[in-house]
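Novice: Numbering of the sequence shown is given in the numbering used here, commencing with residue 8 and proceeding in unit increments. Note that the Cβ used here is the ideal one computed from N, Cα and C, for glycine as well. These numbers come from a predicted model, not from an experiment.
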Amino acid sequence: MGRLVPAVTRALDILELFLDGDGTLSAPDIVRKLRLPRTTVHELVTTLAARSYIVQVPGQPGRYRLGVRPYQLGSRYAEQLDLAAEGQQVARSVAETCDETVHVAILEGTDVIYIAKVDSTHAVRMVSAAGRRLPAHCTSVGKMLLASLPEPELASRIPDDAELVAMTPNSITEPAALREALAGIRHRGIAVESRESNPDVSCVAAPVRDRTGQVVAALSISVPMIRWSDERHAELEQLAAKGAAELSERLGHRSVG
Numbered sequence: 008m009g010r011l012v013p014a015v016t017r018a019l020d021i022l023e024l025f026l027d028g029d030g031t032l033s034a035p036d037i038v039r040k041l042r043l044p045r046t047t048v049h050e051l052v053t054t055l056a057a058r059s060y061i062v063q064v065p066g067q068p069g070r071y072r073l074g075v076r077p078y079q080l081g082s083r084y085a086e087q088l089d090l091a092a093e094g095q096q097v098a099r100s101v102a103e104t105c106d107e108t109v110h111v112a113i114l115e116g117t118d119v120i121y122i123a124k125v126d127s128t129h130a131v132r133m134v135s136a137a138g139r140r141l142p143a144h145c146t147s148v149g150k151m152l153l154a155s156l157p158e159p160e161l162a163s164r165i166p167d168d169a170e171l172v173a174m175t176p177n178s179i180t181e182p183a184a185l186r187e188a189l190a191g192i193r194h195r196g197i198a199v200e201s202r203e204s205n206p207d208v209s210c211v212a213a214p215v216r217d218r219t220g221q222v223v224a225a226l227s228i229s230v231p232m233i234r235w236s237d238e239r240h241a242e243l244e245q246l247a248a249k250g251a252a253e254l255s256e257r258l259g260h261r262s263v264g
């Protein structure tokens, strides 16, 4: 790996400061936050402004905000994103950590479609494939995605008189019971499926958000019941949430707090 260039590092440090607070800064703010010499900050700010990376705030002399150039770069990055490809990479990393099967899925109508999958190396593992479609209400990823829908949209997809197919005896088949389960998922931010799509498998799932904050996918970890326990469950919830957060970050989402 080559040597880092100090001037470029400092310029990037300045740009990243604009991610916090109200998005505006003065040169003295930058000096104080980065503990850099005033002359250095003045030169860097002048250069960044000349290249449209930052601009002066109208009506507030000496204060700056991000300019059009970071937006253009971010837009180009977003254009190049591939949810399936990014999901496959993150799923692989999560699977390497827990050695269980990891999926990334999207919602289509009342079904989920798996767009990425990485298998466990265990002899006993889940039989599934990317591209497979399952009823959303029977899966952890599906329930996570349904829970993320605005109420009117959820009602239009699954009305009160909807007939919900059962994949196992544990599947939810009543819309009222599903709505109750989804309310709990919204509260916790994690979805759990206990032998609802496969009588021998339980899953946990967490939401994946894009740069606007909208939930666009879910990441799940599936475990055969022979390896499931309360302790394992808690561990996998944390890992699923961490993996989903990483994928969200790759899609441009920035968590607050």
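Quick check: what's the CA-CA separation for ARG42 versus ASP27?
Specialist: 17 Å
Novice: Give me the Cα-Cα distance between GLY94 and PRO231, rounded to the nearest whole angstrom.
Specialist: 22 Å
Novice: For VAL208, which option in PRO157, TRP235, GLY149 has the closest C-alpha, if you only look at C-alpha atoms?
Specialist: TRP235 is the residue among PRO157, TRP235, GLY149 whose C-alpha sits nearest the C-alpha of VAL208.
Novice: Which same chain residues end up closer than 7 Å to GLY74 when comparing Cβ atoms and leaving out the 5 residues on each side of it in sequence?
Specialist: SER59, TYR60, ILE61, VAL62
Novice: So, with DSSP's three-state summary, where would you put PRO182?
Specialist: helix
Novice: Considering only residues of the segment 40 to 79, which uninterrupted alpha helix (DSSP H) runs meet the minimum length of 4 residues and lie entirely inside it, listed in chain order?
Specialist: Within the segment 40 to 79, the complete alpha helix (DSSP H) runs of at least 4 residues are 45 to 57.
Novice: What does the Cβ neighbour count give for ILE233, buried or exposed, with the cut at 16 atoms within 10 Å?
Specialist: exposed
Novice: Check the C-beta distance from SER147 over to VAL199 and give it rounded, since I have them as a contact under 8 Å.
Specialist: 6 Å
Novice: Would you kindly work out how many angstroms separate the C-alpha atoms of PRO44 and VAL38, rounded to a whole number?
Specialist: When rounded, the distance between both Cα atoms is 7 Å.
Novice: Which residue comes first and which comes last in the beta strand (DSSP E) that contains ILE122?
Specialist: 118 to 125
Novice: Counting only the same chain and skipping the five closest in sequence on each side, list residues whose C-beta sits under 8 Å from that of ALA98.
Specialist: VAL109, HIS110, VAL111, ALA123, LYS124, VAL125, LEU226, GLY250
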